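Take 143 as the starting number for the sequence shown in my numbering and just add one per residue. We put the beta carbon where it would ideally sit given N, CA and C, even for glycine. Remember, predicted model here, so these are calculated numbers, not experimental data.
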Amino acid sequence: MPTPEMNTLIRRQLRELHDRHLSLDEGVVSYYPPEMKAERDRFGIATTALDGTTWHVGDCDVAFPLHSISKVFTYGVALEDNGREETLKRVGVEPSGDAFNSFVFDERNNRPFNPMVNAGALVAANLVRGKDREERVGRVLESLRLYTGNPDLRVDEDVRDAELHQYNDRNLGLSYLMRSLGMLVGDIEENIDVYLSICSVHVSARDLGTMGATLAKGGINPLTGERALGRAHVRDVVTVMATCGMYDAAGEWAYDVGIPAKSGVSGGILIAMPNNFGGGFFSPGLDVHGNSVRGIAVCRDLSERFGLHMFADPAEERLGRTAAEWATAGRGG
Numbered sequence: 143m144p145t146p147e148m149n150t151l152i153r154r155q156l157r158e159l160h161d162r163h164l165s166l167d168e169g170v171v172s173y174y175p176p177e178m179k180a181e182r183d184r185f186g187i188a189t190t191a192l193d194g195t196t197w198h199v200g201d202c203d204v205a206f207p208l209h210s211i212s213k214v215f216t217y218g219v220a221l222e223d224n225g226r227e228e229t230l231k232r233v234g235v236e237p238s239g240d241a242f243n244s245f246v247f248d249e250r251n252n253r254p255f256n257p258m259v260n261a262g263a264l265v266a267a268n269l270v271r272g273k274d275r276e277e278r279v280g281r282v283l284e285s286l287r288l289y290t291g292n293p294d295l296r297v298d299e300d301v302r303d304a305e306l307h308q309y310n311d312r313n314l315g316l317s318y319l320m321r322s323l324g325m326l327v328g329d330i331e332e333n334i335d336v337y338l339s340i341c342s343v344h345v346s347a348r349d350l351g352t353m354g355a356t357l358a359k360g361g362i363n364p365l366t367g368e369r370a371l372g373r374a375h376v377r378d379v380v381t382v383m384a385t386c387g388m389y390d391a392a393g394e395w396a397y398d399v400g401i402p403a404k405s406g407v408s409g410g411i412l413i414a415m416p417n418n419f420g421g422g423f424f425s426p427g428l429d430v431h432g433n434s435v436r437g438i439a440v441c442r443d444l445s446e447r448f449g450l451h452m453f454a455d456p457a458e459e460r461l462g463r464t465a466a467e468w469a470t471a472g473r474g475g
């Protein structure tokens with residue numbers, strides 16, 4: 143458990159990160175999603191340690207749609223329902239190198255490249271078991287409540303309806319093409335409804351921090367002690383986050399930042415540092431890849447300035463350490 147001094151230091155370090163990147167503005171922001179323009183100045187950072195200690199700075203309780211971050215958790219349910227090998231037959235784990243909504247598949251294995259792009263997420267939704275749309279959505283929603291410890295999570299029907307009726311053409315096209323190729327089965331429109339319903343669940347940066355910590359703790363929520371995902375599947379989920387979670391910038395992300403993450407176009411980023419902590423960031427301004435500009439900047443600082451790249455020497459970690467403590471650790475003392 144962090145000491146009071148460490149708590150104060152981490153809070154100060156996160157405040158410095160927040161203040162350092164708060165001024166990022168139109169010069170580096172490519173666009174704001176239509177529904178998030180009113181939230182353009184929001185910026186929240188939330189982290190949760192494995193013992194349940196939490197640190198929050200800024201707009202951490204503002205609710206926003208999960209959008210693509212939901213793909214992480216739908217994939218987890220698909221793994222639990224079908225097992226690793228059967229799931230792998232239907233959706234791969236390779237970065238695609240293409241935009242998240244591309245009509246591109248792993249033709250050699252007749253499957254989408256990974257569950258973090260739309261094609262793979264639609265297949266993952268197809269793998270979630272249930273007798274109808276309501277049961278399938280309900281099962282993933284209950285999983286999200288276990289990850290967050292928040293029993294009030296729900297589908298935002300207005301967001302879901304807008305996605306279904308205004309922005310759904312590519313999902314329909316992808317789905318019918320995949321069904322013609324044998325990648326999807328069953329009712330196309332029901333499956334898209336399941337996928338978009340989970341994308342429409344509202345969370346906060348505080349929720350994301352707990353979700354990341356749950357993955358970092360092997361699937362156990364550090365606030366409630368409840369298991370959200372079987373330990374056997376946590377490694378697979380976090381690995382796919384590390385290699386495929388940041389859209390078509392995933393390879394660059396793994397190389398430069400090296401923190402397992404998943405982003406969404408509402409401006410959220412989820413991170414999970416195994417055996418360390420989880421984090422959630424919210425800021426709606428997006429870059430050309432659809433990732434939060436401020437969220438990306440914070441993650442880069444966590445990696446570069448605080449030594450949290452997953453392949454960094456543990457002695458490089460500065461989060462929660464004073465300059466003197468870090469210098470001593472770096473000398474092996």
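Query                                                                                                      : Result
In DSSP terms, what Pro-207 is bridged to                                                                  : His-344
Ile-420 - partner residues in DSSP beta bridges                                                            : Ile is not the amino acid found at residue 420; the sequence shown has Gly there. The partner list for Gly-420 (beta bridge, DSSP) reads Thr-190 and Ala-414.
Whole-Å CB distance - Asp-193 paired with Thr-290, under 8 angstroms assumed                               : So it is not a contact: roughly 17 angstroms between Cβ atoms.
Supposed close pair Val-214, Val-336 - CB separation, criterion 8 angstroms                                : Not quite, the Cβ-Cβ distance comes to about 16 angstroms (not below 8 angstroms), so this is no contact.
Three-way DSSP call (helix, strand, coil) for Arg-447 in this model                                        : coil
Supposed contact pair Ser-434 and Phe-423 - C-beta distance, whole angstroms, cut 8 angstroms              : 6 angstroms
Inter-residue CB distance, Cys-386 and Leu-208 (contact presumed, cutoff 8 angstroms)                      : With 8 angstroms as the limit, Cys-386 and Leu-208 do not qualify as a contact, their Cβ atoms being about 17 angstroms apart.
Nearest-angstrom beta carbon gap, Val-399 and Arg-442 [assumed within contact, 8 angstroms]                : 6 angstroms
Whole-angstrom distance between Val-343 and Arg-296, CA atom to CA atom                                    : 6 angstroms
DSSP-derived helix/strand/coil call for Ser-434                                                            : strand
For Gly-169, three-class secondary structure by DSSP                                                       : Because Gly-169 carries a pLDDT of 45, less than 50, the predicted location of this residue cannot be relied on, and no value is offered for it.
As assigned by DSSP and simplified to three states, the class of Lys-404                                   : strand
Where Gly-315 falls: helix, strand or coil (DSSP)                                                          : helix
Same chain, Cβ closer than 7 angstroms to Arg-184, five either side skipped, listed in chain order         : Asp-201, Val-204, Phe-424, Ser-425 and Pro-426
At least 3 beta-carbon pairs within less than 8 angstroms: the stretch 276-284 vs the stretch 312-330      : no
Whole-angstrom C-beta distance between Leu-428 and Gly-410, which should lie under 8 angstroms             : The pair is not a contact, with the Cβ atoms about 11 angstroms apart (cut-off 8 angstroms).
Length of the line joining the Cα atoms of Val-246 and Thr-195                                             : 42 angstroms
Which residues DSSP lists as bridging Thr-356, in chain order                                              : DSSP, once it has assigned bridges, lists no residue as partnering Thr-356.
Boundaries (first-last residue) of the alpha helix (DSSP H) holding Gly-262                                : 260-269
Alpha carbon of Glu-299 to alpha carbon of His-307, nearest angstrom                                       : 12 angstroms
Classification of Ser-165 by the beta-carbon crowding that lies within 10 angstroms, buried from 16 upward : exposed
Endpoints, alpha helix (DSSP H) assigned at Thr-381                                                        : 373-386
C-alpha distance - Met-320 paired with Arg-162, whole-angstrom precision                                   : 45 angstroms
Local Cβ density within 10 Å of Phe-453, reported as buried at 16 or more and exposed below that           : exposed
CA-to-CA distance, Gly-367 to Ser-317, given in whole angstroms                                            : 38 angstroms
Residue from Gly-280, Met-148 and Trp-197 with nearest C-alpha to Leu-156                                  : Trp-197
Selection from Pro-144, Met-148, Ala-241 and Pro-364 that minimises the alpha carbon distance to Asn-509   : Because the chain here runs from 143 to 475, residue 509 falls outside it and cannot be looked at.
Range of the contiguous alpha helix (DSSP H) that encloses Val-214                                         : 212-224
Spatially closest choice to Asn-313 from Lys-359, Gly-420 and Asn-333, by CA coordinates                   : Asn-333
Same chain, Cβ closer than 8 angstroms to Val-270, five either side skipped, listed in chain order         : Thr-216, Val-219, Ala-220, Asp-223, Arg-278, Arg-281, Val-282 and Val-336
Separation of Gly-360 from Leu-288, as counted between CA atoms                                            : 13 angstroms
Unbroken alpha helix (DSSP H) run spanning Gly-280, endpoints                                              : 275-290
Rounded C-alpha distance that separates Asn-417 from Tyr-389                                               : 25 angstroms
Bridge-paired residues (DSSP) for Glu-200                                                                  : Correcting the residue type first, residue 200 is Gly in the shown sequence and not Glu. DSSP lists Gly-186 as partners of Gly-200.
Coarse secondary structure for Asp-390, derived from DSSP in three states                                  : helix
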